[in-house]
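Each number in my numbering comes from the position in the sequence shown (counting from 1) with 853 added on. Backbone N, C-alpha and C fix where the C-beta goes; we use that ideal spot for every residue, glycine too. As the structure is a prediction and not an experimental result, all values here were calculated from the model. So the structure is just underneath, and the comments pick up after that.
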Amino acid sequence: MPIGIIGSLVICTILYILTSGVLVGIVPYAMLDDPAPIALAVNEIGLPWFSKLIKIGAIAGLSSVMLVLCYGQTRIFYSMARDGLLPGFFGSVHKTFKTPWINTMIVGALAGSGAAFMSLDNLADLTNVGTLAAFMIVCITVLYMRIAHPGLKRPFKAPLGPVTPILGTTMCFILLMSLMTNPHTRGFFVNYLIGGVVLYFIFGYWNSKLGKANGKKA
854 MPIGIIGSLV
864 ICTILYILTS
874 GVLVGIVPYA
884 MLDDPAPIAL
894 AVNEIGLPWF
904 SKLIKIGAIA
914 GLSSVMLVLC
924 YGQTRIFYSM
934 ARDGLLPGFF
944 GSVHKTFKTP
954 WINTMIVGAL
964 AGSGAAFMSL
974 DNLADLTNVG
984 TLAAFMIVCI
994 TVLYMRIAHP
1004 GLKRPFKAPL
1014 GPVTPILGTT
1024 MCFILLMSLM
1034 TNPHTRGFFV
1044 NYLIGGVVLY
1054 FIFGYWNSKL
1064 GKANGKKA
């Protein structure tokens, strides 16, 4: 699994770099400051029909990404509820379809509300903030686990020891701070962080099954 994830990221990064190089070769880079740069570049070389086809493909691709993200978020809530970090109804499974149906409705309603009432720029910033914060927390957690539990059995070891998580934490923090210039993004991040911490210490800390098990072992 880790090799597959890292390999996919490397392949996608290379493809993005190659695509950017081709676009810069087609049109001046200043023209690429557009919501649909690939379609714009193709249209500039006299292929408007292909430009429309690219836009249709982009919509289809974004729809699949949205479904995958919603799918993943519902399962995250489900796992957290099973551990006790969230209220029990988040772990409810439909009797017929065997899916976390309450989570699906909540996540779908939140995603739909954001798409309906927020600008695309703000949505993009909020998505980036949440992703960067999650990545940074994971990197910090890796460092903590190496220091606090050095002898713990690990199915996968992070390469380059503490260097990788330190670099990851630093880069995520720099990118995160670059987004804090937007007051809406800054306000969302602060409320998001405070809300998560408050929820954890009010509810999750006292109800986590894994936390109780680790406490008994200690």
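Same chain only: Cβ atoms within 8 Å of residue i, ignoring 5 sequence neighbours per side
i	result
His-947	Pro-953, Trp-954
Val-982	Leu-1029, Leu-1032, Thr-1038, Phe-1041, Phe-1042, Tyr-1045
Leu-973	Pro-888
Val-960	Cys-923, Gln-926, Thr-927, Phe-930
Gly-965	none
Burial state of residue i (16 or more Cβ within 10 Å)
i	result
Tyr-882	exposed
Gly-860	exposed
Phe-1042	buried
Ala-1001	exposed
Tyr-1053	exposed
Val-991	exposed
Cys-865	exposed
Thr-1034	exposed
Val-918	exposed
Asp-820	Here the chain comprises residues numbered 854 to 1071, so residue 820 is not present and cannot be evaluated.
Leu-939	buried
Met-989	buried
Leu-862	exposed
Element boundaries [alpha helix (DSSP H), containing residue i]
i	result
Gly-914	901–936
Ser-966	954–970
Ile-891	890–897
Beta-carbon contacts of residue i that lie in its chain and below 7 Å, excluding the five residues immediately before and after
i	result
Phe-841	Summary: the structure shown does not reach residue 841, with the chain confined to residues 854 through 1071, and so no result is reported for it.
Glu-897	Ile-879, Val-880
Ile-858	none
Asn-956	Thr-927, Phe-930, Tyr-931, Phe-943
Cβ-based neighbour list, residue i, same chain, cut-off 6 Å, excluding 5 preceding and 5 following
i	result
Ile-891	Ile-907
Asn-975	His-1037
Leu-915	none
Leu-893	Asp-887
For this session: Can you check the segment 983–1040 for any alpha helix (DSSP H) of at least 4 residues that lies completely inside it and give the ranges in chain order?
Result: 1016–1032
Exercise. Is the segment 1005–1025 close to the segment 1044–1053, with three or more CB pairs under 8 Å?
Worked result: no
Problem set entry | Meets three-Cβ-pair contact criterion under 8 Å: the segment 931–942 and the segment 1054–1068 | yes
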